[in-house]
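Note sheet for the following structure.
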Amino acid sequence: MSNHELDAAGIDDPDLRAAFRTSGRILRRQRRGEQHARYLFPAAKRPHLDACWGVLAHLTDIADGFEHSPAVRALRLDEWQVAFSCALDGVPDLTETSSSTTDQRADTALAEAFVHFLHTWKVPADSVPAFLAGQRRALWVEEFRTRAELDDYLTAVALPPALWLNALLETISPEADYLCSEAARAFRLIDFLWDIRADLDAGRLHLPEESLRQFGIDRERLHYEVGSGRASKAVRRLMRYEIDCARNHLDIGSAWPDTLHATSRTFAQTEVRRRYRMLEHLERAECEFFADPGMERKRLALNTIGAALVAVTKAQVINHRNGRGRMLSLTCLSEAVRERGKR
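The C-terminal residue of the sequence shown carries number 375 in this note's numbering, and the numbering is unbroken.
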């Protein structure tokens with residue numbers, strides 16, 4: 033995070049600037065392959081983007097830290113919520129925690145930057161405890177019996193962060209939050225399909241059990257066939273059905289970019305197009321994709337580098353025309369986008 037970005041965002045307080053820099057470092061460390069997306073935003077918004085995404089990356093890594101028990105992960109979420117509450121009230125966090133001093137400092141810095149983000153973009157602070165409550169419940173969830181249960185999970189865990197980001201994107205339509213929610217549901221469902229092998233290996237399944245029964249499949253059979261990359265017709269039909277469910281949400285959410293400020297549309301359009309490419313990749317490779325998902329992810333990333341560079345350049349032009357940023361050098365843009373291919 034540069035001084036120019038912090039200055040453009042009007043963040044002058046030295047301690048707050050340090051907190052935002054910490055958010056940026058955590059985001060780079062945990063989500064290095066997504067750094068090019070920052071340059072789809074005007075400079076003044078990038079620190080706030082780092083604050084929002086940094087918190088989400090931090091909390092996701094806590095929730096997905098399978099080396100720890102659900103109880104330990106729930107405690108870490110509790111500790112971060114204490115840091116958030118203290119930052120919200122403007123008082124120091126003096127509580128003793130189970131985490132290291134380094135983790136506690138990170139919690140505090142992330143919370144302070146995130147609270148500034150919430151206040152700046154008028155995001156209701158009470159949405160954060162509700163989101164954390166959903167994260168805690170999800171720690172003990174390994175499967176979903178029905179699609180309604182899966183939808184409840186998405187509502188609790190996926191939608192609040194999407195609506196936080198939507199505030200930063202500056203909506204211009206009353207339909208913006210609804211369309212953002214549909215896009216967010218689609219994004220998460222596609223990610224579930226993309227990560228199904230890793231999730232099953234970790235003891236989780238983000239597909240409804242009722243869908244498996246519909247195609248005469250049980251969880252053990254799905255795990256075996258996905259793991260081998262040699263799926264039966266029944267599993268292929270199941271995957272096509274789930275792909276269609278995700279696409280239905282994505283087709284509705286594809287109108288989301290049109291409800292945003294001009295300087296935010298390129299980002300939203302890029303995200304929607306990327307998910308369509310992921311669906312196309314899953315359909316084309318069918319279940320052979322899961323034989324070597326790491327290689328398939330790298331292929332997709334390499335195939336989208338050109339599109340990402342075009343998107344970043346387009347966003348820079350739009351931001352410049354709207355008086356919200358200066359043009360970056362081609363070298364800077366190329367380096368940011370190149371990180372995407374290293375994931």
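Every residue, glycine too, gets a C-beta built ideally from N, C-alpha and C.
- About 7 Å separates the beta carbons of A162 and P192, which is inside the 8 Å limit, making them a contact pair.
- Pairing P79 with F52 gives a Cβ-Cβ distance under 8 Å.
- Scanning S101, V155, E312, V189 for the CA closest to the CA of N198 turns up V155.
- Excluding sequence positions up to five before and after I204, its CB lies within less than 8 Å of the CB of T291, L292, H293, all in the same chain and listed in chain order.
- One Cα belongs to N280, the other to A300, and the distance between them is close to 17 Å.
- With contacts defined by Cβ atoms closer than 8 Å, P240 and R179 form a contacting pair.
- Cβ neighbours of E315 within its own chain (closer than 7 Å, five residues either side excluded): I275.
- By a beta-carbon distance limit of 8 Å, D93 does not contact W112. Their separation comes to about 11 Å.
- As far as DSSP is concerned, L81 takes part in no beta bridge.
- F176 has P240 as its beta-bridge partners, per DSSP.
- The shortest C-alpha to C-alpha distance from G86 to any of A76, R70, F98 is the one to R70.
- Look at L171 here: in three-state DSSP terms it is coil, with no helix or strand label.
- Annotated as proximal: S55 and L142, with beta-carbon spacing under 8 Å.
- Counting along the chain, the unbroken alpha helix (DSSP H) around I284 starts and ends at 265-285.
- Here the alpha carbons of H148 and L311 stand approximately 36 Å from one another.
- Exposed is the label assigned to S101, since fewer than 16 other Cβ atoms lie within 10 Å of its Cβ.
- At a Cβ-Cβ threshold of 8 Å, L244 and L225 do not count as neighbours.
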